[in-house]
Amino acid sequence: MWKLANLAAPALLVVLAWPAAAADPPWQRLEFQAKKLFLSADAAVEFDSAAQLPPDERCEGKPHMPGSAARIRIESTMFGRRSESSLWFDPDSLAAHLRVQEERGSRNRYKRYTFCHDSVEAERATPNPGEAGLPVAEWTHRYPLHHPVPPGLKAPLSEPSALLHLVGRLAALPTGTGEEMSWTVPMFSNRRVLAVRIERDPETLTAPSSFSVAGGQAPAQLTLVRFAMTPEVYGPEGSAQDFELLGLEGAIEIVAAKELQVPVSISGRLPPAGRVTVRLRHVELR
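Okay, so the sequence shown: first residue is 61 according to our numbering, each after it adds one.
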């Protein structure tokens with residue numbers, strides 16, 4: 061459970077409480093789809109509670125990473141581009157350990173972020189002419205980047221992909237007088253440290269399931285909990301649009317089903333299509 065942590069910025073405070081992390085979410089794979097005019101996008105999200113971390117020595121002089129951690133893996137296709145990313149993180153604290161992303165198609169690039177104690181160490185790569193069809197390891201245009209973590213940041217630094225796990229946990233929390241309804245989580249997105257404010261609507265909705273389920277049966281009626289995610293820049297540089305989840309930029313809204321601890325819709329701005337809603341189409345349970 062997270063403790064109270066001062067982010068050393070105006071009105072930025074972290075108070076997180078959720079069900080015991082030992083209880084893994086009931087799902088292992090989610091499939092989403094978004095459609096708007098000419099746009100069609102698909103995404104699949106997989107959760108593994110104990111995935112092995114790739115070797116990484118970028119945190120020089122710091123303790124080694126754990127041998128395994130929870131992993132969120134995302135595969136998506138949109139605008140003629142295929143993307144695959146993996147985030148290894150601690151589900152207790154949301155602390156990110158490592159994120160790797162590879163994009164192919166209309167844009168080819170590779171990004172690897174190692175979350176150290178006081179910095180995020182990055183490696184980026186793009187193919188030189190004639191290299192686009194080669195494995196990433198053979199791309200020759202490679203360069204490191206160093207992103208310092210603000211010294212006043214006391215809470216663990218997370219990454220937007222972890223929200224796909226977090227909202228289900230928060231949806232399972234009880235509602236009512238005296239219950240926590242807002243949280244602020246520090247996140248690293250697009251080379252920036254942002255404070256993401258999460259606000260849970262105290263009013264819930266009841267609706268029938270609109271997605272298919274494998275490995276079990278969804279309740280006939282779902283309790284839906286609405287969350288507003290508002291990013292705020294930490295420091296003098298960057299903007300709220302640096303926050304990105306599934307291609308959506310800036311402030312987003314997530315609706316989660318309490319019974320299955322899954323996000324059923326994610327709404328936000330997707331350039332150049334404008335506001336788009338990504339909807340859950342299929343769930344694989346454990």
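Even glycine gets a Cβ: it sits at the ideal position worked out from N, Cα and C.
Between A101 and G307, the C-beta gap is smaller than 8 Å, which places the two residues in contact. Pairwise C-beta distances place the segment 204–214 out of contact with the segment 296–311, as fewer than three of them are shorter than 8 Å. In the structure shown, A278 adopts coil according to DSSP, grouped into three states.
Relative to the Cα of I134, the nearest Cα in the group E163, D261 and M125 belongs to E163. Judged by DSSP secondary structure, A94 falls outside any alpha helix (DSSP H) and instead within the beta strand (DSSP E) spanning W87 to K96. Beta-bridge pairing by DSSP links Q112 to S128. Counting every other CB atom within 10 Å of its CB across the protein chains shown gives L194 a total below 16, marking it as exposed.
For secondary structure counted as the alpha helix (DSSP H) over 4 or more consecutive residues, the segment 249–294 holds no complete run. According to the DSSP assignment, L223 belongs to the alpha helix (DSSP H) that extends over L223 to A231.
Comparing alpha-carbon positions, the option among R167, C176 and R229 lying closest to P210 turns out to be C176. In the DSSP assignment, A192 falls outside any beta strand (DSSP E) and carries neither an H nor an E. Rounded to the nearest angstrom, the gap between the Cα atoms of A278 and S269 is 7 Å. The residue from S249, V245 and A267 with its alpha-carbon nearest to that of R257 is V245.
Only residues of its own chain outside the window of five on either side were considered, and among them L90, E91, F92, S270, F271, V322, P323, V324 and S325 have a CB closer than 8 Å to the CB of L340, listed in chain order.
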